[in-house]
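Residue numbers (the numbering used here), protein chains in the order written: chain E, 1 to 660; chain R, 1001 to 1660. Using N, Cα and C, we set each Cβ at its ideal position, and we do this for glycine too. Since we're looking at a predicted model, the values are computed, not measured. Below: one structure, written as structure tokens.
Here it is as structure tokens:
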């Protein structure tokens, strides 16, 4: 008979996968009536799938190379289990599958939500939410299933670490590659289209417009899915690894049970979200979150009591994680929504031109790192007081328990963004258009919340991985005055900076080529700007694809090779300092980049609603510049740091037995 | 009879002060013939002195408050020596004096070098070098004198830490206040003058032009002097503190003797610099550096041999510091000079507008952090292998031994910058003008070198202070997996980010007001742009002064209060993590800001020499935007991080006995 924890975990993860498949079938059965929408959708589908195929091919080559290297290591080194390369491949496969299916469903949902918007607001909202949740359920269902089954079959958590490394690799490619793809296209489209040719966003005359729409899906759906998959799997693995050494099986599998509740709670929350008011869709989203949160908290308390025989300490550790998300989401709102003063100040600064706008946005982003860091520090300190290092890992588990819903709402964003873009491209106006724009603006907020969620999750996962590494490498205490620890910390922090550099450079090179291509098309292909001749969309897609695949080589190598070099040359204590220095720098850097970028975006939108003269003024032009700079901040470099924090942690865990 | 070390130290420091006074007298005795230059000089003098007086008044209030608080602490707490508040006041007074005299001499030298340039290039060069060296000699002479005498009279290194804290306070005000002052003025002047009204830089019709010139002196002379004074004193104190516990007096005073040699070597080097070729002034500067470096290295080797009885290990530790400067200077050149590809790529990116220019500069700066961090890590690792933590402190001493010359060459920068500005304002053209521009361009390079020197010195001082703190707080080993250490590290890194935020905000607010004032004057005072009516310079000076004094309150409080809170609430281990996290993040952040800023500046200059269409093109306008954003990066936020790294280290050292 299966152990209880596995029964629960299989029930939850298979329910998640079954529901995701049912939702997908339900969406796909809806017919798309508008043929022009269908036509655009086909091009986006083609571009996105083509990119993903090429990307997965590159990943496969890379993954197989790593597999072979690890197999060789397993043959020659005593402390390196031969099953790790296999779990590694499974991790990559599971994460890749979740991202692929999620994106394929999302790009089939967007056109259907345009149709739905013609009927009723509620229909469009719920189909988009359902489409998004497919990704959320696949990510968490496959993550939970993979970790549970692998432990069941190997009964060795050290081997399961390979699974985490596999998900981290996909996340690296998905987030970094996707991030470069989407922003090279977006910036290229904006700089020539909006700024030079003065045509609206998403205008079909812009040759880069399809690449831009494809980018939304590869970056925000597939990339984000891989990002959260990795944080989800790594947190689970780190928590299990710490518990495994100090508890019996029925107790240490507690995190798996919590994540099972998280999945079921998210499905229940979906039921609450079918009724929505056009005036206030946030009410619906908030009630979804609230119900999921309450269900998770209530069941966790009960299960803690059952599992740990009346000791509620683990529950309080979990609760710190849940509370931390609420606070992080609120802080993100404050710093990035144009309903509050920080973004409005950036808008005001735009009056003096792009330079002061840049500085104001930078200042906002740098400042916005303070409170989230304090929240996370408070959460880990309190969680530690309830259950030492295991408590810290549980806080991360609590944080991620709501992941299915958050990923779902994040994937909702690009669906409605694409839908709104398609409406623009096919000339849909009036009520339907307004409905889609309303949905899109909700999507911007959910995307921003998800972004902080992803950063917070990555930081907590990195801390959990760090804690697991310290245990695994049997470090105990580190002599912090040991200069190799100091050097490790300095280099860990420095890696965050140069990693960002490679990404910004990849985006700016890609955008540079995109700008030249769009300018060339406007110049050489007569009739594009008059709308008589279709631009060459494929060429722009090819430029973004090339930029993404070339651009991820350097950051990929840096993030994998440097921790290995540090570990073997400066020894295990230095690698500990390296991990700590990296998370200490990457976490605020990621927050800064995400918040600055979003603030510039929303400051621009604030001006577009008529403040400081509105569109067409110098002030607006300055704000557009800030938005352009912010694009790779918030969608490429910032989120990629999430991956960096965790990939070096999984590598450290993998090589820990070799450093003893 | 005085001990040998004190005899040497007094000889060197008093020689430094005497030479500085003789040089000043020599400069001041030269008559200024051009009455228009004299007139402008008088306004600059008045503005700079007025600012410094107001700033010193603010410092005095702040310092006396801290003095009283520390006295109360000394009365009530057993472990807090009553003499610390007194050494604190002396540190503040000495550093303030060095900055004040240095600046007063510099603003009297600038007009004299215009006159000298009318005669011969060599005259102008040597008077400017002499004027700069006055600052270098005062900074190092007073620093060495203060530390030596205080130890002689107290024989307690813990008490001398107060002196370091005093210098850190002045550095905070000087660097932060000066940095805000100079950039609010500079950006304001550029945005309206160069960009909107299209009048040249340093044009007398620009109302903010005098504030800009004043800013060069308060920021680059007084601010830089205070910055290096603090690194110099704190490194010396940290090295002595570590040595004090483990060696006899004749041995542990070794760092004082090395700094004595540094001063004498710099004076000898000055003699080598009187002959200069107009075609290649760098040859002269390099020969100066080279001779000083060789003298220091040779004497250090000899004295190590004498002091440590044939053991040359301390010499090799020192040598690591000397080698590190050479490498850092070379790396700075590579990343920030327009003779190399990185800056040229930023110039190329400007063709696509401000956004891509901005991204390219960011990417350059982020990338440029890698090698300097590796150099410093290698230096401390090797130095440690020769002499454990004391070796690390000695590497910092070696690094700073060449400070007199570096500070001198840095102060040379604003002297010739001002001279060139005065020539523009009084319409001097032709050969004399070209000579001054040549001198100015040399000054830009020496300023850039000094900037990396200051960052490296601050980082090494911070590491030395960290090492001293670990010893002082009797931490031994830190459990790095202790979550309060993790939280400390995260918050230390975060502090670097929010500290930068407060500075960028202060500059952008100040610049915003300056822009409005300059626009107002152009609008309301008829005849300014035609050159018929003089603008109201004083009003602009007042705006910069106000911005600086208001702007330094928040960063000042943050940097002083947060380490104290961390130390007392999360305990001594957390404070150790905090120091480490801070230096790990501040060091690359400071490098990034300094290098990005300088690269934008030089990319603009590269375009101005005729590349990509030269002045007046869209490409140039984009580069000007990058330069504007880069101004507070390189001259406000970046250098202020130097102070942050060290001030929290001295505070940690001060409160260490209370945390036991």
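Amino acids of chain R, ordered along the chain, whose beta-carbon sits closer than 7 Å to that of residue 483 (chain E): 1380, 1381, 1384, 1392
Same chain, Cβ closer than 8 Å to residue 1246 (chain R), neighbours up to 5 away in sequence not counted: 1252, 1390
Expressed to the nearest angstrom, what Euclidean distance is found between the alpha-carbon atoms of residue 658 (chain E) and residue 75 (chain E)? Straight across, the Cα-Cα distance linking residue 658 (chain E) with residue 75 (chain E) is about 13 Å.
Tell whether a beta-carbon distance below 8 Å holds between residue 1576 (chain R) and residue 1412 (chain R). no
Name the residues in the segment 1014–1038 of chain R whose C-beta lies less than 9 Å from a C-beta of chain E; which are they? Here the close residues number zero.
Look up residue 631 (chain E) in the DSSP assignment and say whether it is helix, strand or coil. Helix at residue 631 (chain E).
At 8 Å on the CB atoms, spell out the chain E contacts of residue 1234 (chain R), in chain order. Result: empty, since nearest Cβ-Cβ is about 17 Å, beyond 8 Å.
Which runs of the alpha helix (DSSP H) spanning at least 4 residues fall entirely within the segment 473–559 of chain E, listed in chain order? 483–524, 537–551
Looking at chain E, which residues of the segment 1336–1368 of chain R have a Cβ within less than 7 Å of any of its Cβ atoms? 1349, 1352, 1353, 1354, 1355, 1356, 1358, 1359, 1360, 1362, 1363, 1366, 1367
For residue 1327 (chain R), which residues in chain E fall below 7 Å Cβ to Cβ? What residue 1327 (chain R) touches in chain E: nothing, since even the nearest Cβ is about 15 Å away.
Cut-off 8 Å between Cβ atoms - residues of its own chain near residue 1397 (chain R), not counting five sequence neighbours on either side: 1235, 1236, 1239, 1255, 1258, 1259, 1318, 1321
Residue 1674 (chain R) in three-state terms, based on DSSP: What is shown of chain R runs 1001 to 1660, which leaves residue 1674 (chain R) out entirely.
With a threshold of 8 Å between beta carbons, is residue 253 (chain E) in contact with chain R? No - not a single Cβ of chain R is within 8 Å of the one on residue 253 (chain E).
Mapping the DSSP letters down to three states, classify residue 1428 (chain R) as helix, strand or coil. coil
Could you spell out where the alpha helix (DSSP H) holding residue 60 (chain E) opens and where it closes? 35–76
Looking at the structure shown, is residue 1021 (chain R) part of a helix, part of a strand, or coil, going by DSSP? helix
For the putative contact between residue 966 (chain R) and residue 1582 (chain R), defined by C-beta atoms under 8 Å, what is the C-beta separation to the nearest angstrom? Not covered by the structure: residue 966 (chain R). The range shown for chain R is 1001 to 1660.
Contacting residues, own chain, Cβ-Cβ under 7 Å from residue 606 (chain E) (five flanking each side not counted): 338, 343, 344, 347
CB-CB length for residue 1162 (chain R) against residue 1084 (chain R), believed under 8 Å: Yes, they are in contact, since the Cβ atoms of residue 1162 (chain R) and residue 1084 (chain R) sit about 4 Å apart, within 8 Å.
Straight-line CA distance for residue 635 (chain E) to residue 179 (chain E)? For residue 635 (chain E) and residue 179 (chain E), the gap between their C-alpha atoms comes out near 6 Å.
Whether residue 11 (chain E) touches residue 112 (chain E) by CB criterion (8 Å): No.
Quick test of your reading: residue 1518 (chain R) and residue 1192 (chain R), contact by CB under 8 Å. State the CB separation rounded to the nearest angstrom. 4 Å
According to DSSP, is residue 471 (chain E) part of a helix, a strand, or is it coil? helix
Could you have a look at residue 1610 (chain R) and say whether DSSP puts it in helix, strand or coil? coil
Between the Cα of residue 1060 (chain R) and those of R:1082, R:1032, R:1095, spot the shortest distance and give me the residue it belongs to. R:1095
Which stretch, first to last residue, makes up the alpha helix (DSSP H) that contains residue 1175 (chain R)? Note, residue 1175 (chain R): premise wrong, no alpha helix (DSSP H); not H, not E.
Whole angstroms are fine: how far does the CA of residue 1341 (chain R) sit from the CA of residue 1196 (chain R)? Looking at the two C-alpha atoms, the distance is approximately 31 Å.
The alpha helix (DSSP H) that contains residue 250 (chain E), what's its start and end? 249–252
Using 8 Å as the limit for Cβ to Cβ distance, is residue 175 (chain E) near chain R? no
Say whether the segment 225–232 of chain E touches the segment 183–190 of chain E, bearing in mind that this needs 3 or more beta-carbon pairs closer than 8 Å, one atom from each stretch. no
Inter-stretch contact (C-beta, 8 Å, three-pair minimum) for the segment 1535–1542 of chain R and the segment 1204–1222 of chain R: yes
If you draw a straight line from the C-alpha of residue 1328 (chain R) to the C-alpha of residue 1453 (chain R), how long is it? Rounded to the nearest angstrom, the two C-alpha atoms are 7 Å apart.
Inspect the beta-carbon positions of residue 1566 (chain R) and residue 1476 (chain R) and report whether they are closer than 8 Å. no
Are the segment 444–461 of chain E and the segment 401–412 of chain E touching, with three or more C-beta to C-beta distances below 8 Å? Short answer: they touch.
Which first and last residues belong to the alpha helix (DSSP H) in which residue 646 (chain E) is found? 638–655
DSSP three-state assignment for residue 153 (chain E), whether helix, strand or coil: helix
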